[in-house]
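Undergrad: As given, the protein sequences belong to chains Y, G and S, one line each in that order.
Quick note on numbering: the first sequence equals residues 1 to 349 in this note's numbering.
Quick note on numbering: the second sequence equals residues 1 to 349 in this note's numbering.
Quick note on numbering: the third sequence equals residues 1 to 349 in this note's numbering.
Built from N, CA and C at the ideal position, the CB exists for glycine as well.
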Amino acid sequence: MSQSWTISTLAERLGGAWHGDDVAIDHVASLESAASGALAFLANPRFKPQMAQSAAAAVVLKAADAEGLTRPHIVAKDPHLFFARAAQLLHPARVAQGGVHPSATVSDAAQVDASAQIGPGVVVEAGARIAAGAILLANVYVGRDVIIGEGALLYPQVCVLDHCEIGARVILHPAAIIGADGFGNAWAGDHWEKIPQLGRVIIGDDVEIGACTTVDRGALEDTVIGQGARLDNLIQVAHNVEVGAHTAMAACVGIAGSTKIGARCQIGGAAMISGHLEIADGTVVLGGTLVAKTIHQSGVYSGSYPMQEHGDWLKNAAQLRHLNELVQRVKQLEKQLTALQVASGEEKQ
Amino acid sequence: MSQSWTISTLAERLGGAWHGDDVAIDHVASLESAASGALAFLANPRFKPQMAQSAAAAVVLKAADAEGLTRPHIVAKDPHLFFARAAQLLHPARVAQGGVHPSATVSDAAQVDASAQIGPGVVVEAGARIAAGAILLANVYVGRDVIIGEGALLYPQVCVLDHCEIGARVILHPAAIIGADGFGNAWAGDHWEKIPQLGRVIIGDDVEIGACTTVDRGALEDTVIGQGARLDNLIQVAHNVEVGAHTAMAACVGIAGSTKIGARCQIGGAAMISGHLEIADGTVVLGGTLVAKTIHQSGVYSGSYPMQEHGDWLKNAAQLRHLNELVQRVKQLEKQLTALQVASGEEKQ
Amino acid sequence: MSQSWTISTLAERLGGAWHGDDVAIDHVASLESAASGALAFLANPRFKPQMAQSAAAAVVLKAADAEGLTRPHIVAKDPHLFFARAAQLLHPARVAQGGVHPSATVSDAAQVDASAQIGPGVVVEAGARIAAGAILLANVYVGRDVIIGEGALLYPQVCVLDHCEIGARVILHPAAIIGADGFGNAWAGDHWEKIPQLGRVIIGDDVEIGACTTVDRGALEDTVIGQGARLDNLIQVAHNVEVGAHTAMAACVGIAGSTKIGARCQIGGAAMISGHLEIADGTVVLGGTLVAKTIHQSGVYSGSYPMQEHGDWLKNAAQLRHLNELVQRVKQLEKQLTALQVASGEEKQ
Chain Y
1 MSQSWTISTL
11 AERLGGAWHG
21 DDVAIDHVAS
31 LESAASGALA
41 FLANPRFKPQ
51 MAQSAAAAVV
61 LKAADAEGLT
71 RPHIVAKDPH
81 LFFARAAQLL
91 HPARVAQGGV
101 HPSATVSDAA
111 QVDASAQIGP
121 GVVVEAGARI
131 AAGAILLANV
141 YVGRDVIIGE
151 GALLYPQVCV
161 LDHCEIGARV
171 ILHPAAIIGA
181 DGFGNAWAGD
191 HWEKIPQLGR
201 VIIGDDVEIG
211 ACTTVDRGAL
221 EDTVIGQGAR
231 LDNLIQVAHN
241 VEVGAHTAMA
251 ACVGIAGSTK
261 IGARCQIGGA
271 AMISGHLEIA
281 DGTVVLGGTL
291 VAKTIHQSGV
301 YSGSYPMQEH
311 GDWLKNAAQL
321 RHLNELVQRV
331 KQLEKQLTAL
341 QVASGEEKQ
Chain G
1 MSQSWTISTL
11 AERLGGAWHG
21 DDVAIDHVAS
31 LESAASGALA
41 FLANPRFKPQ
51 MAQSAAAAVV
61 LKAADAEGLT
71 RPHIVAKDPH
81 LFFARAAQLL
91 HPARVAQGGV
101 HPSATVSDAA
111 QVDASAQIGP
121 GVVVEAGARI
131 AAGAILLANV
141 YVGRDVIIGE
151 GALLYPQVCV
161 LDHCEIGARV
171 ILHPAAIIGA
181 DGFGNAWAGD
191 HWEKIPQLGR
201 VIIGDDVEIG
211 ACTTVDRGAL
221 EDTVIGQGAR
231 LDNLIQVAHN
241 VEVGAHTAMA
251 ACVGIAGSTK
261 IGARCQIGGA
271 AMISGHLEIA
281 DGTVVLGGTL
291 VAKTIHQSGV
301 YSGSYPMQEH
311 GDWLKNAAQL
321 RHLNELVQRV
331 KQLEKQLTAL
341 QVASGEEKQ
Chain S
1 MSQSWTISTL
11 AERLGGAWHG
21 DDVAIDHVAS
31 LESAASGALA
41 FLANPRFKPQ
51 MAQSAAAAVV
61 LKAADAEGLT
71 RPHIVAKDPH
81 LFFARAAQLL
91 HPARVAQGGV
101 HPSATVSDAA
111 QVDASAQIGP
121 GVVVEAGARI
131 AAGAILLANV
141 YVGRDVIIGE
151 GALLYPQVCV
161 LDHCEIGARV
171 ILHPAAIIGA
181 DGFGNAWAGD
191 HWEKIPQLGR
201 VIIGDDVEIG
211 ACTTVDRGAL
221 EDTVIGQGAR
231 LDNLIQVAHN
241 VEVGAHTAMA
251 ACVGIAGSTK
261 IGARCQIGGA
271 AMISGHLEIA
281 DGTVVLGGTL
291 VAKTIHQSGV
301 YSGSYPMQEH
311 GDWLKNAAQL
321 RHLNELVQRV
331 KQLEKQLTAL
341 QVASGEEKQ
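(1) Which of the three DSSP states is assigned to glycine 228 of chain Y in this structure?
(2) Roughly how many angstroms separate the alpha carbons of aspartate 26 of chain S and alanine 38 of chain S, rounded to a whole number?
(3) Determine, using beta carbons only, whether glycine 127 of chain G and alanine 109 of chain G come nearer to each other than 7 Å.
(4) Does any residue of chain G have a CB that is nearer than 7 Å to the CB of tyrosine 305 of chain S?
(5) For alanine 186 of chain Y, return the contacting residues in chain G, with the cut-off set at a CB-CB distance below 7 Å.
(6) Please go through the stretch 247 to 283 of chain S and give each complete beta strand (DSSP E) segment of 3 or more residues, from N-terminal end onward.
(7) Output, in chain order, the set of chain S residues within a Cβ distance shorter than 8 Å of serine 258 of chain G.
(8) For the beta strand (DSSP E) containing histidine 173 of chain S, list its first residue and its last residue.
(9) Give the straight-line distance between the Cα atoms of leucine 42 of chain G and serine 258 of chain Y, rounded to the nearest whole angstrom.
(10) Cβ closer than 7 Å: which chain G residues qualify as neighbours of serine 274 of chain Y?
(11) For the candidate residues Y:Gln236, Y:Thr9, Y:Ala263, whose alpha-carbon lies nearest to that of valine 253 of chain Y?
(12) Our contact map puts glutamate 165 of chain S next to isoleucine 147 of chain S with C-beta atoms below 8 Å; I'd like the distance itself, whole angstroms only.
(13) Would you mind listing the beta strand (DSSP E) stretches within the stretch 37 to 85 of chain Y that are 3+ residues and don't spill past its ends, in chain order?
(14) Can you tell me the Cα-Cα spacing of isoleucine 255 of chain Y and glycine 189 of chain Y, whole angstroms?
(15) With 7 Å as the threshold, decide whether the Cβ of alanine 365 of chain Y is near any Cβ in chain G.
(16) Assuming threonine 283 of chain G contacts serine 298 of chain G under a Cβ cut-off of 8 Å, what Cβ separation, rounded to an integer in Å, is found between them?
(17) Residues of chain G with CB under 8 Å from arginine 230 of chain S, in chain order?
(18) On a CA-only basis, which of G:Pro49, G:Gly311, G:Gly149, G:Asn240 is nearest leucine 69 of chain G? Give me that one, please.
(19) Can you list the residues of chain S that proline 156 of chain Y reaches, using a CB-CB cut of under 7 Å?
(20) Of all the options S:Val285, S:Ser115, S:Leu90, S:Asp222, which has the alpha carbon lying nearest to the alpha carbon of histidine 101 of chain S?
(21) Report the residues of the stretch 320 to 340 of chain Y with a CB closer than 7 Å to any CB of chain S, ordered along the chain.
(22) Which residues mark the beginning and the end of the beta strand (DSSP E) in which lysine 194 of chain S is found?
(23) Is methionine 1 of chain G helix, strand or coil when you go by DSSP?
(24) Measuring straight from C-alpha to C-alpha, what distance separates tyrosine 141 of chain S and alanine 104 of chain S?
(25) Pick helix, strand or coil for alanine 11 of chain S, following the three-state DSSP scheme.
(26) Compare the C-beta of proline 49 of chain G against all C-beta atoms of chain S and say whether one is closer than 7 Å.
(27) Report buried or exposed for asparagine 44 of chain Y, applying the criterion of at least 16 other Cβ atoms within 10 angstroms of its Cβ.
(28) Please list, in chain order, the residues of the stretch 8 to 30 of chain Y that have any C-beta partner in chain S closer than 9 Å.
(29) Out of curiosity, what's the CA-to-CA distance linking proline 196 of chain Y and leucine 290 of chain G?
(30) Would you kindly report the start and end of the unbroken beta strand (DSSP E) that includes alanine 93 of chain Y?
(31) Going residue by residue through the stretch 283 to 340 of chain S, where are the continuous beta strand (DSSP E) segments of at least 3 residues, counting only ones entirely within it?
(32) Report the neighbours of lysine 315 of chain S on chain Y: residues whose CB is nearer than 7 Å to its CB, in chain order.
(33) By the criterion of Cβ-Cβ separation under 8 Å, what are the contact partners of glutamate 150 of chain G in chain Y?
(34) Should alanine 63 of chain Y be labelled buried (16 or more other beta-carbon atoms within 10 Å of its own) or exposed?
(35) Is the beta carbon of alanine 131 of chain S closer than 7 Å to that of glycine 149 of chain S?
(36) Just to confirm my understanding: we take alanine 271 of chain S, look at its own chain, exclude 5 residues before and 5 after, and list those with CB closer than 7 Å. What are they?
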């Protein structure tokens, strides 16, 4: 089953130029830990000393860093991307072992492709459809009428609630919760009245969603995660949010209801995005930034308090509470100084 | 079983005035997606163009927005609240299918009402009591001596640990974790010593708690979530916190130990609240605010760094680290200017 | 089985001096709720009135606070630590009930010690080794080749994914997710290419990890949590992070990839730490701080926007966006004032 690789076959398959002996490669590793059979990569020329010490069978790197190199190596335009793809070939993803574990509970009214793998303790409700090659690991829950796309991989403890749709090749990490109710409440004078959440979550093909990330179902319309998007762990996506295709967000991000994030955005860790906003395609939001208004124009946006030694912070933060007064004092100084300058000028005349 | 509704029966049941043909209503929808049979609502007069285009069978709106309207509609004092209640009638909540799934593990020493629904893979430990009409979906865990109130709904992967009490009609979304140990450690010179967490979590009636939200058990006393409170996803409630009745908090909030939050507060997303504080009834904390001291007086509180284009942020954040020095420079300027003014005045005399 | 304790036996076992009647103690409690049989402790002299009212059988306190006290009490150097240890004795931790629940799914190719407790719905994959006295509560998932150390306690819904190692006496709270893929993606011009995550998570002995906390596996090398570390709930630990021994972090912290946190650090709730940094041993980071650069020197570090009444915040935050301009205005004033002072001095001469 497993294929054997050399630097020439890898370079041919993935697009690169190989040099030196055509050594066999059976895994990827870091420069530091690489041993025989390992392909490593040089991320940055300042790691050349580590490369010199490395026991890697071969190294992937840029042409500029390969000058004079005699050891087996592959020159690639984007060594990081080459390395990612080589790692995929050398460490292939899990393949479905078709069949339903006897401890799973699958409704007679669900459709499960014979090639799909349904693990122990999995529950699949009526009307759900599990496509070919999908893998549902232990204790996954799939609600009524849910669609799980071809080759999707659902790790243990994942929940996909009623009516949601998961695209092909989607990866949902453990305890990702897709389709819980959005946070919808109407104040009724002395208590909150629950607003039933009737929309779905629609997740496009090739999306990856991290552990303990929650994507709420829409209130009336759907919550949508575009094709190829990447969401890290512990992210909150509220009802009716739309995340554009190939947008990536690091862990601990929160997105409030009905916000539309464009395609190919990059959202840094712990950024918090208010509701009912729009963020332009290709926008970069740095970690820890609170986005409280629409971003019409792509660019890089920041907003986090700079860290300091605590004593300095105490002084500066205290003054920050009076910043507006300070501005008024400066205005006053400017006025008075101008008056003095005029007076002094008049005197001179 | 299902009841059929028209705008007259809805208006009569929920308190509103209906106008136009007494059309049949079988679901709610947004103005944009509404089709025949749908009730929609007008949230804001600026959406009147969408209303004009909408295929909704009827619309709920304010009297002021209904002038001259000839299509079937319902005038309500609070259209949002009317709509929420209509949605509850038209899309009724899950009803328990009494019985224990054969794959569940229920202790002989637990009491489960015959009308309660115990789903596949559920575990109920000794001494637990599950009241009438409660629904425990797949793989829920209920620890020893736990009480689950009448009509409570526990979604898949929820954990309620030993001795905790869950009120009537409470909704716990997937992977909500109730009663894990609080974070209690005593430093023992060269390591942390665990402080056993001996309190419980007590959750009042009609509370709703979001997916992956964690409410820790108390150290000695209990952690308490008051009746009707609403907690969104990914919220941390530490040991011995008290959350007042009908307080609502958006996702990603964290509350440190022993803090007491009043009734009817609204806490914005990602707000972080330090330990051992009190927050007055009716307080509003905006998203992203770090609350580091007691709030004695209700009001609206904020504290988040404003987002900027990254280049501007770099400059401003750098200066912020020297804000206190800037204040000193302004003080110095004020002194010197006063001296000059005095000197200049003296010269004139 | 259970041992009976008096203040003399507790003092002898844990190191303290007892005074008054040698009363029996069978549980710990707070001063307020203590009843007969309870040991309470005085955390702070300002709670002496509560102590006077307390029905506790005995109180632990400092020598300085015990002057003139006639009720039964124990004087300890560190009453909090004494109390923690007394609580451990009086409320002993769960002990494994050796055996595999019939609803569990344990691979024939896994090794499970006969004294380990494997609860209902638990899944243990091939190659995994579960050591003596370990407890795996309901629906825990243990992947291929995982090692679970002696006496470890895994609460319901915990996942430990393939190849990870969990030390002895480690406690993993519900839905803690150990070894999900790190967030590794390479941009391929029009989409993200997944970088297989091939490292492990290695968790040292006596570590405690909170509910819904996620610790990602390394990309090539391992993610490491040092012995005795304490992680609260809803924390994100990204791939290749190293957390030093006995470091404690409160809830909602996020640590980005490859950052190395020293030993005995204390990281406050909701602190966010960027990737590829180092933090010195013994560093204290206060809650809500964003750490964006290496901390070479231990100390106390802060960085959070101070909370204000919303109207004040609006004014100050607006000015903050122009802080650099304000600094330029002050510079200008200083220059002009100097010029005036020189001119005025010259006139006088």
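TA: Short version:
(1) One-based indexing of the first sequence puts residue 228 of chain Y at position 228. Per DSSP, reduced to three states, the secondary structure at glycine 228 of chain Y is coil, with no helix or strand assignment.
(2) In the third sequence, the residue the question calls residue 26 of chain S occupies position 26. In the third sequence, the residue the question calls residue 38 of chain S occupies position 38. Between the C-alpha atoms of aspartate 26 of chain S and alanine 38 of chain S there is a straight-line separation of about 6 Å.
(3) The count along the second sequence starts at 1 and reaches residue 127 of chain G at position 127. The count along the second sequence starts at 1 and reaches residue 109 of chain G at position 109. Contact check for glycine 127 of chain G against alanine 109 of chain G passes: the beta carbons are separated by less than 7 Å.
(4) One-based indexing of the third sequence puts residue 305 of chain S at position 305. Tyrosine 305 of chain S counts as touching chain G.
(5) As a working mapping, residue 186 of chain Y is identified with position 186 in the first sequence. Within 7 Å Cβ-Cβ: His80, Leu81, Ala84.
(6) The qualifying runs do not exist here; there are none.
(7) Position 258 of the second sequence, counting from 1, holds the residue named residue 258 of chain G. Neighbours of serine 258 of chain G in chain S, taken as residues at a C-beta separation under 8 Å, are lacking, since the least C-beta distance is about 11 Å.
(8) On the third sequence, residue 173 of chain S is found 173 positions in, with the first residue counted as 1. Per DSSP, histidine 173 of chain S lies in no beta strand (DSSP E) and is assigned neither H nor E.
(9) Residue numbering aside, residue 42 of chain G sits at position 42 when the second sequence is read from its first letter. Residue numbering aside, residue 258 of chain Y sits at position 258 when the first sequence is read from its first letter. Between leucine 42 of chain G and serine 258 of chain Y, the alpha-carbon positions lie close to 17 Å from each other.
(10) Locating residue 274 of chain Y in the first sequence gives position 274, where the first residue counts as 1. Residues of chain G passing the Cβ test: Gly287.
(11) Counting from one through the first sequence, the residue named residue 253 of chain Y turns up at place 253. When each option's Cα is compared against that of valine 253 of chain Y, the closest is Y:Gln236.
(12) Here residue 165 of chain S refers to the residue found at position 165 when the third sequence is read from its first residue. Here residue 147 of chain S refers to the residue found at position 147 when the third sequence is read from its first residue. With a Cβ gap of about 4 Å, glutamate 165 of chain S and isoleucine 147 of chain S count as contacting.
(13) Qualifying beta strand (DSSP E) stretches, in chain order: 38 to 41, 58 to 61, 73 to 75.
(14) The residue given as residue 255 of chain Y occupies position 255 in the first sequence. The residue given as residue 189 of chain Y occupies position 189 in the first sequence. Going from the Cα of isoleucine 255 of chain Y to the Cα of glycine 189 of chain Y covers about 28 Å.
(15) It is not possible to answer for residue 365 of chain Y, since the shown part of chain Y is limited to 1 through 349.
(16) By one-based count along the second sequence, residue 283 of chain G stands at place 283. By one-based count along the second sequence, residue 298 of chain G stands at place 298. By a beta-carbon distance limit of 8 Å, threonine 283 of chain G contacts serine 298 of chain G. Their separation comes to about 5 Å.
(17) Position 230 of the third sequence, counted from the start, is the residue given in the question as residue 230 of chain S. The answer, in chain order, is Phe183, Asn185, Trp192.
(18) The sequence position of residue 69 of chain G within the second sequence is 69, counting from 1. Out of G:Pro49, G:Gly311, G:Gly149, G:Asn240, G:Pro49 has the C-alpha closest to the C-alpha of leucine 69 of chain G.
(19) Counting from 1 along the first sequence, the entry for residue 156 of chain Y is found at position 156. Taking a Cβ-Cβ cut-off of 7 Å, the neighbours of proline 156 of chain Y in chain S comprise Tyr141, Cys159, given in sequence order.
(20) Counted from its first residue, the third sequence places residue 101 of chain S at position 101. Per the Cα distances, S:Ser115.
(21) Those residues of the stretch 320 to 340 of chain Y that come within reach of chain S (Cβ to Cβ, closer than 7 Å) are Leu320, Arg321, Leu323, Asn324, Val327, Val330, Leu333, Glu334, Leu337, Leu340.
(22) Your numbering for residue 194 of chain S matches position 194 in the third sequence. Here the beta strand (DSSP E) through lysine 194 of chain S covers 192 to 194.
(23) Position 1 of the second sequence holds residue 1 of chain G. With a pLDDT of 37 at methionine 1 of chain G, under the threshold of 50, the predicted position of this residue should be treated as unreliable, and no value is reported.
(24) On the third sequence, residue 141 of chain S is found 141 positions in, with the first residue counted as 1. On the third sequence, residue 104 of chain S is found 104 positions in, with the first residue counted as 1. For tyrosine 141 of chain S and alanine 104 of chain S, the gap between their C-alpha atoms comes out near 10 Å.
(25) Here the question's residue 11 of chain S lines up with position 11 in the third sequence. It is helical.
(26) Stepping through the second sequence from its first residue, residue 49 of chain G is reached at position 49. Output row for proline 49 of chain G: interface = no.
(27) Within the first sequence, numbered from 1, the residue matching residue 44 of chain Y stands at position 44. Exposed is the call here.
(28) Residues passing the 9 Å Cβ filter: His27, Val28, Ala29, Ser30.
(29) Within the first sequence, residue 196 of chain Y is the residue found at index 196, counting from 1. Within the second sequence, residue 290 of chain G is the residue found at index 290, counting from 1. The alpha-carbon atoms of proline 196 of chain Y and leucine 290 of chain G are separated by roughly 31 Å.
(30) For the purposes of this step, residue 93 of chain Y is identified with residue 93 of the first sequence, where counting begins at 1. Looking at the DSSP string, alanine 93 of chain Y is not in any beta strand (DSSP E), and its letter there is neither H nor E.
(31) Complete beta strand (DSSP E) runs here, min 3: 300 to 302.
(32) The sequence position of residue 315 of chain S within the third sequence is 315, counting from 1. Neighbours of lysine 315 of chain S on chain Y, chain order: Asn324.
(33) Numbered from 1 along the second sequence, position 150 holds the residue referred to as residue 150 of chain G. Within chain Y, no C-beta atom comes less than 8 Å from the C-beta of glutamate 150 of chain G; the nearest is roughly 17 Å away.
(34) Counting from 1 along the first sequence, the entry for residue 63 of chain Y is found at position 63. By the 10 Å Cβ count, alanine 63 of chain Y comes out exposed.
(35) Counting from 1 along the third sequence, the entry for residue 149 of chain S is found at position 149. Counting from 1 along the third sequence, the entry for residue 131 of chain S is found at position 131. Result yes, Cβ atoms of glycine 149 of chain S and alanine 131 of chain S sit closer than 7 Å.
(36) Taking the first residue of the third sequence as 1, we reach residue 271 of chain S at position 271. For alanine 271 of chain S, where only same-chain residues beyond five positions count, the Cβ hits under 7 Å are Val253, Val285, Gly287, Gly288, Thr289, Val291.
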